[in-house]
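Going down the list, the sequences are from chains A and B.
The letter at position 431 of the first sequence is residue 794 when you use our numbering, and the numbering goes up by one with no holes.
The letter at position 146 of the second sequence is residue 178 when you use our numbering, and the numbering goes up by one with no holes.
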Amino acid sequence: MALPRAARHDGAVSFYKIAVIVIIVGSYLAWIRPDGLQGRFRAGRWGLLLPLVALAYASVSTAHHWLVIAEVLAGCLLMLLAPRASAKTVPFALLGLAFVGLVLARKYTDGHNESTLYGLVLAGSYSGRTALVLPEAVLFLAAGLWLLLRLNAPGSGLVRQTATRLWQSRSSGILPWQGFLVLLPVALILRMLDMHTSSGAAIDVAVIAVAVVLALRARLWAATLAAAASLVLGTYGILLAMYGHPTSGHYYGILAWESNRGIFIGSGIQGTLLLALGVWGTPRVLGQHLGLREKALAAKAELLTERVETLTQTRTDAVDTAAAELRRIERDLHDGAQARLVALGMSLRAAEKLFKTSPDAALALVSEAKETSSRALTDLRDLVRGIYPPVLADRGLADAVRALALDTPLHTVVDVDLPGEIDLPVGSAVYFAVAEILTNAAKHSGARTVRIHLSYAVGTLRVQVTDDGAGGADPAAGTGLTGVERRLATFDGILAVNSPPGGPTIVVIEVPCALSSPKTSSC
Amino acid sequence: MRVVIAEDLFLLREGLVRLLQAHDFEIVAAVGTAPELLAALLDTSPDVGIVDVRLPPTNTDDGLRAALAARKQVPGLPVLVLSQYVEQLYARELLADQQGGVGYLLKDRVFNDEAFAGAIRTVAAGGTVLDPEVVQKLLLKHTSTNPVTRLTPRELQVLALMAEGRSNAAIGQRLHITEKAVSKHAAGIFAKLGLAVSDDDNRRVLAVLAYLES
């Protein structure tokens, strides 16, 4: 077991070595007690790592020996006394160690050259092993994260959530880790630029942060960037290996590019690997780009086709409905008001003839004519009501529905929550829909009370009619509701009936529409 | 009796004027728009205003609104509203202030000029006249929570005729009972609806209102 540099050159080195070894071995022996081995093993086996991690911490710092001993002792005591807590401490200790390693690696890159024992690597003094600090730090990071999740330590939920979100493949077809490949060329470029200043470190952090955000938010573009950069950098690495001249202080990849054949070979190998990565990734991202565009176009085309189909259908229905309405109006006028006016004219003509010869008969005819004109008016009134309800024309939908409610024989509660006026075409369709629903409720449901609620939210008018009747209504059974549905469909509106046996029956109408400002009084 | 007439169609307006003059009404103003009507009702203080629901400027229910506005300023100002159609909603709005002096009739009722003149006089005297069509619709409504449901069929008949603005004598004639019997039924109605003893006209208005609320 290696110890800090300061310790090795100290005369009393053997004492500290022995002290540390005694503490660690002693505490492990104390841990393995015959009575509680199994239970303790289950409870906190990962806590066993704590003395070793404490030792690693102690050896990184060049602190006083007593401090080294104290740190190791603290780790051992925690392991023995609180196995569970110590187990949960280990992942955080490992993450911290990883952070220390990252800082250390950066320090060596910037020319720091004292030898330090980092984990298993004795770095510094131009040792070739210095380059292993970074990989070891990454290893610690990975181990720390893995343990964090494994032990459900505090904070693991957050990490898991984030990881799940990152790892869930969405529509882009590029896996999340493929997006994170962008970090590789970005780190490489930063290292080649090799900014030693403190602002350079800030730039490094900023660039890495941007790359991470890109990988998270725009995975496909991150992967695209990774592929392109890998192609360029890989080619550059191979060219370097073939034709480059060694210059001190330049780097390629994780190795410094110096007068060292091995590092030439290193840049060749790294370049080849990068190029391979680029070649592997390029067709994938290109395919995704093209595929996505095609998919988007196809989806759009499908939507449009669907819309056209719907519009064709609803337009046909609207035209049919309008034609049927006109036919009905024509027939009503023909058989009703028109016929009565003819009769009226005939009565008056007959009365005119009888006026002088038999005034009594003439008077009777005039009376009859008056009666007929009254009936003609009633006919016209009913017809107008069916075409365009007067209250709807006068007051808009809310009062028209209130008027409807008053006219049904059922007890009704009308609750209106509309911030403005509904346009008349939509209002008319909804009015007749409510009229039909109320008629059905009065005829079939056996309800006593009907509640009508009008509301408007996010561009949609919603009308809910609830009755306390027997339920079991079948919307497909009658032609009335089908006609209403068709009329609503012209405005992309829908009608839904929920009527379980035993009631209540709830009918909901939803129509997307605009609201105009509330009507102002004209007086 | 001084009358204000508001009707936007010239032919109908002139017809009304002629008809009312023939029945010895004095026409103090005959106007064609809602603002003119409001001004006429407030300025000439007529005995009764005869108002078409639909008037310019918006050609919706401007006439009704003007009449309601005038009654807000002059409580109980008698108005008889005429319309091509009758709506319970509008009847309620007219009756809501419980002041009486309100009529609401289909335009067709003008054909029977004597009954029409009678209705005008009833309204001018503070009575309530509702079109039989409104009353008819009310009869179809059956709810459980209203005191009106405690009335006997005979009392309901009397109340319906009361709502049409008929006097006890006229109701008696219609139902082939004595005027005294009608008064008895009326007293029963007032008692069941919880209307305290006060002047008979006001109680009739309130009874009709209770009827409408049912």
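No residue lacks a Cβ here, since even glycine has one placed at the ideal position from N, Cα and C.
All values reported here derive from a predicted model rather than from experimental measurement.
Do you know offhand how far residue i's Cα is from residue j's?
i, j, result
"Glu657(A)", "Leu577(A)", "23 Å"
"Val754(A)", "Arg811(A)", "25 Å"
"Ser199(B)", "Arg206(B)", "11 Å"
"Ser808(A)", "Asp140(B)", "36 Å"
"Ile692(A)", "Lys663(A)", "42 Å"
"Tyr379(A)", "Val385(A)", "10 Å"
"Val575(A)", "Leu546(A)", "7 Å"
"Val167(B)", "Met33(B)", "28 Å"
"Ile516(A)", "Leu441(A)", "Sequence check: residue 516(A) is Ala here, not Ile. In a straight line, the C-alpha of Ala516(A) is about 16 Å away from that of Leu441(A)."
"Leu436(A)", "Leu467(A)", "25 Å"
"Ile203(B)", "Gly159(B)", "15 Å"
"Leu583(A)", "Leu602(A)", "29 Å"
"Phe455(A)", "Leu511(A)", "7 Å"
"Leu844(A)", "Val118(B)", "27 Å"
"Pro185(B)", "Thr65(B)", "43 Å"
"Ala768(A)", "Arg124(B)", "13 Å"
"Leu801(A)", "Val522(A)", "56 Å"
"Val36(B)", "Asp84(B)", "11 Å"
"Thr210(B)", "Leu193(B)", "15 Å"
"Leu241(B)", "Leu127(B)", "7 Å"
"Ala505(A)", "Ile628(A)", "29 Å"
Taking buried to mean at least 16 other C-beta atoms within 10 Å of its own C-beta, is residue i buried or exposed?
i, result
"Gln633(A)", "buried"
"Ile87(B)", "For clarity, residue 87(B) is Leu in the given sequence; the question names Ile instead. Flag for Leu87(B) reads buried."
"Val573(A)", "exposed"
"Cys886(A)", "Only weak support is given to the placement of Cys886(A): the predicted model assigns it a pLDDT of 39, under 50, and the question is left unresolved by the model."
"Pro875(A)", "exposed"
"Glu165(B)", "buried"
"Glu39(B)", "buried"
"Ile552(A)", "exposed"
"Ala54(B)", "exposed"
"Ala218(B)", "buried"
"Lys451(A)", "buried"
"Ser532(A)", "Note that Ser532(A) scores a pLDDT of 49, beneath 50, so its modelled location is shaky; the value from the coordinates is reported in the next line. Exposed, by the Cβ-count rule."
"Ala661(A)", "exposed"
"Asp757(A)", "buried"
"Leu483(A)", "exposed"
"Ala239(B)", "buried"
"Asp163(B)", "buried"
"Pro110(B)", "buried"
"His428(A)", "buried"
Could you please give me the residues that DSSP links to residue i through a beta bridge?
i, result
"Tyr481(A)", "Val484(A)"
"Gln189(B)", "Answer by DSSP bridge pairing: none, since Gln189(B) is not bridged."
"Arg34(B)", "Glu58(B)"
"Asp84(B)", "Leu114(B)"
"Gly542(A)", "Beta-bridge pairing links Gly542(A) to no other residue."
"Ser818(A)", "Asp780(A) and Arg825(A)"
"Glu873(A)", "Arg825(A) and Ile857(A)"
"Asp830(A)", "Val813(A) and Thr868(A)"
"Ser710(A)", "According to DSSP, which records beta bridges pairwise, Ser710(A) is partnered with nothing at all."
"Leu241(B)", "For Leu241(B), which the question treats as bridged, DSSP gives no partner whatsoever."
"Thr160(B)", "Val134(B)"
"His774(A)", "Thr812(A)"
"Ile785(A)", "Leu878(A)"
Since I believe residue j is in contact with residue i (beta carbons under 8 Å), could you give me their beta-carbon distance rounded to a whole number of angstroms?
i, j, result
"Ala714(A)", "Ala725(A)", "4 Å"
"Arg650(A)", "Ser593(A)", "The amino acid at residue 650(A) is misidentified as Arg; the sequence shows Gly. Not quite, the Cβ-Cβ distance comes to about 17 Å (not below 8 Å), so this is no contact."
"Glu499(A)", "Gly464(A)", "6 Å"
"Arg814(A)", "Asp778(A)", "7 Å"
"Gly790(A)", "Leu760(A)", "4 Å"
"Ala98(B)", "Leu74(B)", "Going by Cβ atoms, the distance from Ala98(B) to Leu74(B) rounds to 10 Å, so no, they are not a contact pair."
"Gly542(A)", "Ala585(A)", "4 Å"
Check whether the Cβ of residue i sits closer than 7 Å to any heavy atom of the ligand SAM, and report yes or no.
i, result
"Leu674(A)", "With respect to the ligand SAM, the structure offers nothing, as it holds no ligand at all."
At a CB-CB cut-off below 9 Å, which residues of chain E make contact with residue i?
i, result
"Leu674(A)", "The structure shown contains no chain E; the protein chains it does contain are A and B."
>> Taking beta-carbon pairs under 7 Å, can you tell me which members of the stretch 101 to 129 of chain B lie near chain A?
In response: Ala101, Gln116, Tyr117, Glu119, Gln120 and Leu121
> Given a limit of 7 Å on CB to CB distance, which residues of the stretch 68 to 102 of chain B reach chain A?
Replying inline: In summary, the residues of the stretch 68 to 102 of chain B whose CB is separated from some CB of chain A by less than 7 Å are Leu70, Pro89, Thr90, Thr92, Asp93, Asp94, Arg97, Ala98 and Ala101, in the order they occur in the chain.
> What are the residues of the stretch 131 to 151 of chain B that lie near chain A, defined by any Cβ-Cβ distance shorter than 7 Å?
Replying inline: Asp140 and Phe143
> Listed in chain order, which residues of the stretch 787 to 813 of chain A have Cβ atoms closer than 9 Å to some Cβ of chain B?
Replying inline: Arg811 and Thr812
> In chain order, what residues of the stretch 843 to 866 of chain A put their CB closer than 9 Å to some CB of chain B?
Replying inline: none
>> So if I threshold CB-CB distances at 7 Å, which residues from the stretch 679 to 705 of chain A count as touching chain B?
In response: none
> Can you list, in chain order, the residues of the stretch 749 to 763 of chain A whose Cβ is nearer than 8 Å to any Cβ on chain B?
Replying inline: Flagged, chain order: Pro753, Val754, Ala756, Asp757, Arg758 and Asp762.
> Taking Cβ-Cβ distances below 7 Å as the criterion, which residues of the stretch 151 to 170 of chain B are in contact with chain A?
Replying inline: Lys169
> What residues in the stretch 715 to 741 of chain A bring their beta carbon closer than 8 Å to a beta carbon of chain B?
Replying inline: So the list reads Lys733, Ser736, Ser737, Leu740 and Thr741, given in the order they occur along the chain.
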